[in-house]
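The structure appears below as structure tokens.
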Amino acid sequence: MFLGHYAVGLAAKKFAPRASLGVLIAAPILLDLLWPIFLLLGWESVAIETSNNPFLRLRFDSYPISHGLLAAISWATLFASIYFGLARYLAGAIAIWVGVVSHWLLDYVVHRPDLPLSAGSDRVFGLGLWNRKWPTIAVELLIFVLGVWIYWRQTRARDKIGSYGFWAFIVFLLAAYAGVAFGPAPPSVKKVALVTLSTGLMVLWAWWFDRHREPIEPPTTVSGSSTQSAT
Ligand SMILES: [Zn+2]
0 MFLGHYAVGL
10 AAKKFAPRAS
20 LGVLIAAPIL
30 LDLLWPIFLL
40 LGWESVAIET
50 SNNPFLRLRF
60 DSYPISHGLL
70 AAISWATLFA
80 SIYFGLARYL
90 AGAIAIWVGV
100 VSHWLLDYVV
110 HRPDLPLSAG
120 SDRVFGLGLW
130 NRKWPTIAVE
140 LLIFVLGVWI
150 YWRQTRARDK
160 IGSYGFWAFI
170 VFLLAAYAGV
180 AFGPAPPSVK
190 KVALVTLSTG
200 LMVLWAWWFD
210 RHREPIEPPT
220 TVSGSSTQSA
230 T
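The opening residue of the sequence shown carries number 0 in numbering that gives the first Met the number 0; numbering runs sequentially from there.
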């Protein structure tokens, strides 16, 4: 899954409005930022397969340190603890913890059975939505639109960076996803690792434009017709 992870980060802004979108997005994509590092170190492995289905071109042979459920929970706890230690913002820490763990759950929906519980465990999990190309794209887009909508309703641009920076970010993600869904197969595992690692820049991008946006205050009207829910 790709867009769905970003959607979780965007939507988390409603739950933790004072947390930077940078960390809120870093959380749900964390496992995919660790995975290329472990690939390059040779601790985890993936193989490229030829397939007409763009989502079945990677065979995830082993990735318990980045994508084991136990590992996901551990990374979530570590990240949330560090954040809470620094920021002292409980809602942000909770959003981070849920965000990291949500990665495994969303991957579980799309991956073929290849997600482990932990290193040394033989059981693997995955509902395999990726076997069906168009339903996969539909589900990703649906979740993404929902996440974008929640973030957009929750915040308002303070300046041009807050507005254009945000929309360019959304368009870039859609284009990147189109590249995966309709582009050529990856040439090498190393290339896959480096491209995946470079998505870490999206964290900086999100942090940047989010600083140029502000929470929309819930309307405190005398008529009491509050349409925005307070958080
Ligand atoms: Zn993943």
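Glycine included, each C-beta is placed from N, C-alpha and C at the ideal position.
- Using a Cβ distance threshold of 8 Å, residue 106 and residue 201 do not count as a contacting pair.
- When distances are taken from the beta-carbon of residue 31 to the heavy atoms of ligand 1, the shortest one is below 7 Å.
- When C-beta atoms of the segment 6 to 24 are compared with those of the segment 58 to 71, fewer than three pairs fall below 8 Å, so the two segments do not count as touching.
- Going by beta carbons, residue 127 and residue 111 fall inside the 8 Å limit.
- In the assembly as shown, residue 82 is a buried residue. Its beta-carbon has 16 or more other beta-carbons within 10 Å.
- Between residue 26 and residue 78 a beta carbon distance of about 6 Å is seen, short of the 8 Å cut, so the two are scored as contacting.
- For residue 154, the enclosing beta strand (DSSP E) covers residues 154 to 156.
- Relative to the non-hydrogen atoms of ligand 1, the Cβ of residue 106 comes within a distance shorter than 7 Å of at least one.
- In this structure residue 216 is exposed. Its beta-carbon is surrounded by fewer than 16 other beta-carbon atoms within 10 angstroms.
- Ranked by Cα distance from residue 189, the first of 129, 46, 181 and 141 is 46.
- Secondary structure at residue 60: strand, using DSSP grouped into helix, strand and coil.
- In its chain, beyond the 5 residues on either side, 11, 14, 15, 18, 23 and 26 have a beta carbon closer than 8 Å to the beta carbon of residue 94.
- Beta-bridge pairing by DSSP links residue 19 to no other residue.
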